[in-house]
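Those protein sequences? They're chains A and B, same order as listed.
In this note's numbering, each residue carries its 1-based index in the first sequence increased by 18.
In this note's numbering, each residue carries its 1-based index in the second sequence increased by 18.
Structure record follows, encoded as structure tokens.
Protein chains: 2
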Amino acid sequence: MAVHEVHISYKQGMQFETDSPTGYKTFIDTSPENGGNNDGLGPKAMMLSALAGCTGLDIVFVLNKMRVEVPHFEMTVKGELTEEHPRTYHKVWLDYHFYGAHLDQTKINKAIKLSEEQYCGVMEMFRQFAVLEIGVHFHSSKG
Amino acid sequence: MAVHEVHISYKQGMQFETDSPTGYKTFIDTSPENGGNNDGLGPKAMMLSALAGCTGLDIVFVLNKMRVEVPHFEMTVKGELTEEHPRTYHKVWLDYHFYGAHLDQTKINKAIKLSEEQYCGVMEMFRQFAVLEIGVHFHSSKG
Numbered sequence: 019m020a021v022h023e024v025h026i027s028y029k030q031g032m033q034f035e036t037d038s039p040t041g042y043k044t045f046i047d048t049s050p051e052n053g054g055n056n057d058g059l060g061p062k063a064m065m066l067s068a069l070a071g072c073t074g075l076d077i078v079f080v081l082n083k084m085r086v087e088v089p090h091f092e093m094t095v096k097g098e099l100t101e102e103h104p105r106t107y108h109k110v111w112l113d114y115h116f117y118g119a120h121l122d123q124t125k126i127n128k129a130i131k132l133s134e135e136q137y138c139g140v141m142e143m144f145r146q147f148a149v150l151e152i153g154v155h156f157h158s159s160k161g
Numbered sequence: 019m020a021v022h023e024v025h026i027s028y029k030q031g032m033q034f035e036t037d038s039p040t041g042y043k044t045f046i047d048t049s050p051e052n053g054g055n056n057d058g059l060g061p062k063a064m065m066l067s068a069l070a071g072c073t074g075l076d077i078v079f080v081l082n083k084m085r086v087e088v089p090h091f092e093m094t095v096k097g098e099l100t101e102e103h104p105r106t107y108h109k110v111w112l113d114y115h116f117y118g119a120h121l122d123q124t125k126i127n128k129a130i131k132l133s134e135e136q137y138c139g140v141m142e143m144f145r146q147f148a149v150l151e152i153g154v155h156f157h158s159s160k161g
């Protein structure tokens with residue numbers, strides 16, 4: 019049975035340090051209007067980053083398997099918070115942007131579909147609390 | 019309507035860079051057995067860090083409001099993954115550890131209860147996909 023474990027310790031102000039099963043450490047903090055110094059990731063938005071990171075890793079993994087060169091790509095994730103407390107993301111938009119003159123759109127779409135339907139555990143968790151809208155955008159150059 | 023937005027861009031190997039509404043940037047990566055270099059947070063485990071960060075901020079916020087000195091504290095979060103794919107955390111253990119000779123246990127417990135019941139949006143999202151077990155531990159010293 020696979021278990022992931024993380025440790026988070028309070029530093030000062032509103033700042034925390036977190037590790038990850040990879041051993042990498044980073045900071046969590048909040049904005050000055052909430053008493054922090056912006057010296058770390060916002061915890062709620064970390065969920066949005068986790069979603070993009072999870073599906074992003076799937077896409078690199080699948081394209082590598084297909085022997086398709088991984089193009090430059092970026093993701094934007096937007097999460098709309100509920101009005102009522104505790105505030106949760108009830109609607110989430112995930113947009114993929116791929117850049118390059120010769121993008122293999124068919125294989126990229128296949129990789130995204132595999133992530134959505136079979137691989138991405140974070141996306142599956144999001145589906146339990148949010149409506150997810152996915153957009154895929156191909157750009158011939160970074161423009 | 020409050021919307022959070024993050025941007026994630028592919029760097030190389032299995033590494034991504036993410037920002038956060040705080041403006042702070044950090045890396046996402048995976049372990050060598052999954053093709054990465056451990057040079058970033060693991061995306062799935064970022065969810066566990068987000069949970070601890072969210073409730074941790076609540077606790078600092080509430081203790082500050084109560085004019086209780088915030089003691090050193092740490093959290094451990096364990097998430098058990100399902101066997102079936104996509105793998106999600108179906109069971110999560112969140113343990114708070116507070117350290118100090120004169121801990122105000124009543125007020126600390128009150129702060130945790132407020133986070134659990136009213137403030138922590140990440141915890142509320144977790145409850146939609148996982149069974150959550152919470153433990154609170156008081157230690158008279160770090161030793």
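A virtual CB, placed ideally from N, CA and C, is assigned to each residue, including glycine.
Keep in mind it's a predicted model, so treat the numbers as computed, not measured.
What is the rounded straight-line gap between the Cα of residue 81 (chain B) and the Cα of residue 129 (chain A)?
47 Å
Would you report the Cα separation of residue 29 (chain B) and residue 38 (chain B), rounded to the nearest angstrom?
17 Å
At the 7 Å Cβ level, is residue 70 (chain B) part of the contact set with chain A, yes or no?
yes
Give me the Cα-Cα distance between residue 65 (chain A) and residue 120 (chain B), rounded to the nearest whole angstrom.
35 Å
Give a yes or no on whether the minimum CB-CB distance between residue 158 (chain B) and chain A is below 7 Å.
Answer no: the Cβ-Cβ gap between residue 158 (chain B) and chain A never drops below 7 Å.
Strictly below 7 Å CB to CB, what residues from chain A border residue 44 (chain B)?
44 and 59
Can you grab the Cα-Cα spacing for the pair residue 115 (chain B) / residue 158 (chain B), in whole Å?
Roughly 11 Å separates the two Cα atoms.
Using DSSP with H/G/I as helix, E/B as strand and the rest coil, what is residue 94 (chain A)?
Correct three-state label for residue 94 (chain A): strand.
Out of curiosity, what's the CA-to-CA distance linking residue 134 (chain B) and residue 141 (chain B)?
7 Å
Which word fits residue 124 (chain A), buried or exposed, when buried means at least 16 other C-beta atoms lie within 10 angstroms of its C-beta?
exposed
Taking a Cβ distance cut-off of 9 Å, strictly less, list which residues of the stretch 63-90 of chain A are near chain B, in chain order.
63, 64, 65, 66, 67, 68, 69, 70, 71, 72, 73, 74, 75, 77, 78, 79, 82, 88, 89 and 90
In whole angstroms, what is the alpha-carbon distance linking residue 95 (chain B) and residue 24 (chain A)?
Linking residue 95 (chain B) to residue 24 (chain A) through their CA atoms gives a straight-line distance of about 5 Å.
When the Cα of residue 58 (chain A) is compared with those of A:51, A:34, A:67 and A:127, which residue comes out closest?
A:34
Over the uninterrupted beta strand (DSSP E) stretch that includes residue 146 (chain A), give me the two end residues.
No beta strand (DSSP E) contains residue 146 (chain A), which DSSP labels as neither H nor E.
Considering residue 29 (chain B), what are the terminal residues of the beta strand (DSSP E) in which it resides?
21-30
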